[in-house]
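Positions 2 to 177 (my numbering) are the ones given, in order, by the sequence shown.
In what follows, a single structure is set out as structure tokens and then discussed.
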Amino acid sequence: METLEAILTRRSVRRFIQDKSVPADIVEKLLEAGMNAPSARNEQPWHFVVVDQRELLDKIPTVHPYSKMCLEAPLAIICCMDASTAMDDKFLAQDLGAAVQNIMLAARALGLGSVWLGVYPNEKLMNGLRELFGIPKQIMPFNIIPVGYTDMEQTSQPRYKKDRIHKNQWSVKLGD
Ligand SMILES: Cc1cc2nc3c(=O)[nH]c(=O)nc-3n(C[C@H](O)[C@H](O)[C@H](O)COP(=O)(O)O)c2cc1C
């Protein structure tokens, strides 16, 4: 699938085919996509917890209130940021956001569905995930990406809004 098509047709997928697991080589491709994201000073401050054990996936909704789709998903990637190795932590969330989007677009391109479940900066959610997955306290869980095959059709939506675009000066609209 072409890059632009993956971008325009990626949709949040919250329904998964339960008994269809994601092959290990595909999981590796998703993580490689994530790790090829841009990051401030190229610090690559990410870690990823790959969760494919059913009993652990089933526990995610006990710590995250909007994650019921994990009961169906065969895989979830907990994306984390490491403030201890970064020169400063101002750009950590931007770095992680880029990695997450890369993973989700790669998932789309590879015929998978995924959804972004926000975690950071909610301390309660971060601590819940730390406890569930044995994540050290200096590591900050950033989000959860449930991933899997789906029967949900992903299609583009008309979201292009000219009134959000300013040409050279804020007061000049595109096309003026
Ligand atoms: C920071 C962030 C947090 C989100 N948290 C959740 C969440 O907790 N549960 C959920 O079902 N979707 C969550 N989403 C997905 C959004 O609801 C979704 O991206 C948005 O409705 C647009 O739909 P689309 O992804 O299909 O384009 C989150 C997205 C972002 C970027």
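Using N, Cα and C, we set each Cβ at its ideal position, and we do this for glycine too.
Source: prediction; values computed, not measured.
So does residue i have its beta carbon nearer than 6 Å to some heavy atom of ligand 1?
i             : result
arginine 12   : yes
valine 148    : no
valine 64     : no
aspartate 117 : A quick correction: the sequence has tryptophan, not aspartate, at residue 117. Yes, ligand 1 has a heavy atom inside 6 Å of this Cβ.
tyrosine 161  : no
tyrosine 67   : yes
Should residue i be labelled buried (16 or more other beta-carbon atoms within 10 Å of its own) or exposed?
i              : result
leucine 175    : exposed
methionine 88  : exposed
alanine 84     : exposed
leucine 113    : buried
tryptophan 47  : buried
proline 147    : buried
glycine 135    : exposed
isoleucine 166 : exposed
asparagine 37  : exposed
glycine 35     : buried
glycine 119    : exposed
asparagine 169 : exposed
aspartate 96   : buried
valine 14      : buried
serine 115     : buried
Is any non-hydrogen atom of ligand 3 found closer than 6 Å to the C-beta of residue i, if you look at the structure I gave you?
i         : result
valine 28 : As for ligand 3, it is missing from this structure, which binds only ligand 1.
Span of the beta strand (DSSP E) holding residue i?
i                 : result
leucine 76        : 76 to 83
methionine 88     : Segment: none, methionine 88 is in no beta strand (DSSP E) and carries neither H nor E.
asparagine 43     : That residue, asparagine 43, is in no beta strand (DSSP E); it is neither H nor E in DSSP.
phenylalanine 143 : 140 to 149
Between the options, which lies nearest to residue i when the distance is taken from Cα to Cα?
i                : options                           : result
glutamate 124    : Leu111, Leu106, Gly135 and Phe143 : Phe143
valine 52        : Cys71, His65, Leu111 and Ser172   : Cys71
alanine 110      : Leu118, Glu73, Ile27 and Val64    : Ile27
arginine 16      : Ser68, Gln54 and Gln102           : Ser68
phenylalanine 92 : Pro66, Pro39, Pro24 and Ile61     : Pro39
valine 101       : Asp90, Pro122 and Ile79           : Ile79
leucine 76       : Val23, Leu126 and Lys30           : Val23
alanine 99       : Leu32, Glu73, Met153 and Pro66    : Leu32
aspartate 152    : Asp164, His65 and Asp20           : Asp20
arginine 131     : Val64, Ser115, Ala108 and Leu9    : Val64
Starting from residue i and walking both ways along the alpha helix (DSSP H), at which residues does that stretch end?
i              : result
threonine 156  : No alpha helix (DSSP H) contains threonine 156, which DSSP labels as neither H nor E.
isoleucine 136 : Element bounds for isoleucine 136: n/a, residue is neither H nor E.
leucine 57     : 55 to 58
proline 62     : 61 to 64
glutamate 29   : 25 to 36
Checklist entry - Should the region 2 to 9 be called in touch with the region 36 to 56, which here means at least 3 C-beta pairs below 8 Å? => result The region 2 to 9 is not in contact with the region 36 to 56.
Checklist entry - Would the region 152 to 167 and the region 75 to 83 be scored as touching if the rule is three or more Cβ pairs under 8 Å? => result The region 152 to 167 makes no contact with the region 75 to 83: fewer than 3 CB pairs, one atom from each, lie closer than 8 Å.
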